[in-house]
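Below is one structure; the comments refer to it alone.
Residue numbers (full-length UniProt numbering): 1 to 448.
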């Protein structure tokens, strides 16, 4: 009996997690400081689900940055999508002569349900809360009555509405961001359900950063489909060696960007999964997680049935790329499917630096048939060839650029670049002898 009850609870949880109306979430924001000191950012995608805020009309969303409340609020559309007032999104002296009509923008995006649907949902919600049915029965009945629609698809987020999700440079500066990651907290309060909240990060980068893109499902995880489901049940099914390689890439001065066509409602779950990946005591390096602002069912349909996740990925990568004044801030990209290659080539990542991960864990360059055995082999053999240390990097407690002086570390296998790159005075003769002996021992073991 206990087993059956646990199964029902787990099924209920998974069912709730894929319902487009129930999940709240926020996507990480990237802010780039330009050479002239101005700020540009990706949109602030925030959504509150029905279980957090059943009736969203006219609700305000409070914002905290690094635990401090700021003098800036968002509003909620009736579908739970948050947006800024126009005076917050436009720079002084650059405002349009005509004020956009928010309701019209939402109508163009098809982000609102009809008035009749909202009334029916509210009546059912009130009736269920007053009934004596068990919570599981109430929730399952509500889930069955909530139809899936394409109202929140990527295609419906028109430029008119997207502009209501951005802040002006002056507003971004007023947030008091630190270089690197900053915590964002969005909260809204209703009389019926109290306070609901969701969190994301906002990253402040310099204009000269070099970015490495990594897909999540099938690239970090071992399966595209299970990548959407495993985080819901607490699994950490990741390719061996991925944490080691990504940390070495980060240590060489690159910024990691995680990309997935998962829905915005899975943002918290996805970040928790990435944090949970631990291999030989190492975690994945921190970095923005860019997700789709659509429902989970829509994301699954696009990823698994339509097989066209590149539509979202190209749009997201292009949007991020446009924040940088350099021709191409993307240095390399990790993926596992042809659609990832299409996405990376669309934003001008060189094919020599597009790395495809096979289901078995082997890795190949897109422009070559040569295979690398695993993430681990790249991390130990050729990471400094493929991701040479950048001459400059930014320390988070300083504004100016400083020369990159990461400590030399011996690779497990021989690397000519690492060996000749270091200065002779940094290596003791005894240490070098031990390293050479260890290298020869490894070569002998391979031949045997």
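Glycine residues also receive a C-beta, built at the ideal position from the N, C-alpha and C atoms. Please read all numbers here as calculations on a predicted model, not as lab measurements.
Residue 246 versus residue 285 - alpha carbon distance: One-based indexing of the chain shown puts residue 246 at position 246. One-based indexing of the chain shown puts residue 285 at position 285. Whole-angstrom Cα-Cα distance: 7 Å.
Exposure of residue 147, with buried meaning 16 or more beta-carbon neighbours within 10 Å: In the chain shown, residue 147 corresponds to position 147, counting from 1. Note that residue 147 scores a pLDDT of 35, beneath 50, so its modelled location is shaky; the value from the coordinates is reported in the next line. Residue 147 should be labelled exposed.
Helix, strand or coil at residue 265 [DSSP, three-state]: As a first step, residue 265 is located in the chain shown; it is residue number 265 there, counting from the start. In the structure shown, residue 265 sits in a helix (DSSP, three-state: H, G or I).
Beta-carbon proximity of residue 289 to residue 267, cut-off 8 Å: As a working mapping, residue 289 is identified with position 289 in the chain shown. As a working mapping, residue 267 is identified with position 267 in the chain shown. Yes, the pair counts as a contact, with Cβ atoms nearer than the cut-off.
Simplified DSSP state of residue 341, which is helix, strand or coil: Taking the first residue of the chain shown as 1, we reach residue 341 at position 341. Looking at residue 341 - three-state DSSP - the assignment turns out to be helix.
Closest by C-alpha distance to residue 222, when choosing among 167, 203, 356: In the chain shown, residue 222 corresponds to position 222, counting from 1. Residue 356 is the option with its Cα nearest to residue 222.
Whether residue 312 touches residue 261 by CB criterion (8 Å): Taking the first residue of the chain shown as 1, we reach residue 312 at position 312. Taking the first residue of the chain shown as 1, we reach residue 261 at position 261. Contact flag set, yes.
Cβ-Cβ distance between residue 24 and residue 196 below 8 Å: On the chain shown, position 24 is the one that residue 24 refers to. On the chain shown, position 196 is the one that residue 196 refers to. Cβ distance < 8 Å, so residue 24 and residue 196 count as in contact.
Opposing strand residues paired with residue 257 [DSSP bridges]: Translated into the one-based positions of the chain shown, residue 257 becomes position 257. Answer is 213.
Presumed contact (8 Å Cβ cut-off) between residue 75 and residue 63, rounded CB distance: Within the chain shown, the letter at position 75 stands for residue 75. Within the chain shown, the letter at position 63 stands for residue 63. That belief does not hold up - the Cβ atoms of residue 75 and residue 63 are roughly 12 Å apart, past 8 Å.
DSSP three-state assignment for residue 201, whether helix, strand or coil: On the chain shown, position 201 is the one that residue 201 refers to. In this structure, residue 201 counts as strand in the three-state DSSP scheme.
Distance between residue 194 and residue 212 (C-alpha atoms, nearest Å): Your numbering for residue 212 matches position 212 in the chain shown. Your numbering for residue 194 matches position 194 in the chain shown. In a straight line, the C-alpha of residue 212 is about 41 Å away from that of residue 194.
Contacting residues, own chain, Cβ-Cβ under 6 Å from residue 82 (five flanking each side not counted): As a working note, residue 82 is residue 82 in the chain shown. Answer for residue 82: 46, 61, 74, 76, listed in chain order.
Residue 202 vs residue 29 beta-carbon contact at 8 Å: If you number the chain shown from 1, residue 202 lands on position 202. If you number the chain shown from 1, residue 29 lands on position 29. Yes.
Residue burial classification, residue 281 (beta-carbon count within 10 angstroms, cutoff 16): Position 281 of the chain shown, counting from 1, holds the residue named residue 281. By the 10 Å Cβ count, residue 281 comes out exposed.
Cut-off 7 Å between Cβ atoms - residues of its own chain near residue 349, not counting five sequence neighbours on either side: As a first step, residue 349 is located in the chain shown; it is residue number 349 there, counting from the start. So the qualifying residues of the chain are 330, 332, 333.
Residue 386 - partner residues in DSSP beta bridges: Within the chain shown, residue 386 is the residue found at index 386, counting from 1. In DSSP, residue 386 forms no bridge with anything.
Neighbourhood of residue 387 by C-beta, 8 Å cutoff - its chain only, sequence neighbours within 5 removed: By 1-based counting over the chain shown, the position of residue 387 is 387. Excluding sequence neighbours, residue 387 sits near 212, 248, 249, 252, 254, 331, 332.
6 Å Cβ shell around residue 472 - same chain, five flanking residues per side excluded: In this structure the chain extends from 1 to 448, so residue 472 is not present and cannot be described.
Residue 347 and residue 371 closer than 8 Å at C-beta: Residue numbering aside, residue 347 sits at position 347 when the chain shown is read from its first letter. Residue numbering aside, residue 371 sits at position 371 when the chain shown is read from its first letter. No, these two residues do not count as a Cβ contact at 8 Å.
Own chain partners of residue 34 with C-beta closer than 7 Å, once the 5 adjacent residues on each side are dropped: Counting from 1 along the chain shown, the entry for residue 34 is found at position 34. 40, 207, 325, listed in sequence order.
Spatial distance of residue 315 from residue 382 (CA atoms): Counted from its first residue, the chain shown places residue 315 at position 315. Counted from its first residue, the chain shown places residue 382 at position 382. Each residue's alpha carbon lies about 31 Å from the other.
Residue environment, residue 368, which counts as buried when at least 16 other CB atoms sit within 10 Å: Your numbering for residue 368 matches position 368 in the chain shown. Flag for residue 368 reads exposed.
For residue 324: DSSP bridge partner residues: Translated into the one-based positions of the chain shown, residue 324 becomes position 324. Partner(s): none; residue 324 has no beta bridge.
CA nearest to the CA of residue 42, picked from 322, 59, 441: In the chain shown, counting from the first residue as 1, residue 42 sits at position 42. Measuring from the Cα of residue 42, the nearest candidate turns out to be 322.
DSSP state of residue 352 mapped onto helix, strand, coil: Along the chain shown, one-based indexing puts residue 352 at 352. Three-state DSSP puts residue 352 in a helix.
Residues of its chain near residue 378, where Cβ-Cβ distance is below 6 Å and the 5 sequence neighbours each way are ignored: Here residue 378 refers to the residue found at position 378 when the chain shown is read from its first residue. 245, 372.
Residue environment, residue 271, which counts as buried when at least 16 other CB atoms sit within 10 Å: Working through the chain shown from its first residue, we reach residue 271 at position 271. With 16 or more Cβ atoms within 10 Å of its Cβ, residue 271 is classed as buried.
C-alpha gap between residue 483 and residue 78, whole angstroms: Residue 483 is absent from the model: the chain starts at 1 and stops at 448.
Option nearest residue 27 by Cα separation, candidates 447, 320, 340, 199: Mapped onto the chain shown, residue 27 falls at position 27. Measuring from the Cα of residue 27, the nearest candidate turns out to be 199.
Whole-angstrom distance between residue 185 and residue 434, CA atom to CA atom: Taking the chain shown and counting its residues from 1, one reaches residue 434 at position 434. Taking the chain shown and counting its residues from 1, one reaches residue 185 at position 185. Those two C-alpha atoms are separated by around 51 Å.
Cβ shell of residue 10 (< 6 Å), same chain only, five flanking positions each side left out: By one-based count along the chain shown, residue 10 stands at place 10. Reliability of the predicted coordinates at residue 10 is poor, the pLDDT of 49 falling under 50, and the value obtained from them is presented with this limitation in mind. Here the set comprises nothing.
Residue 443 classed as buried or exposed, judged by whether at least 16 other C-beta atoms fall within 10 angstroms: Numbered from 1 along the chain shown, position 443 holds the residue referred to as residue 443. Classification for residue 443: exposed.
Option nearest residue 44 by Cα separation, candidates 36, 445, 447, 168: The residue you call residue 44 lines up with position 44 of the chain shown. That would be 168, whose Cα lies nearest to the Cα of residue 44.
C-beta contact flag for residue 354 and residue 310 at 8 Å: Against the chain shown, residue 354 aligns to sequence position 354. Against the chain shown, residue 310 aligns to sequence position 310. Contact: no.
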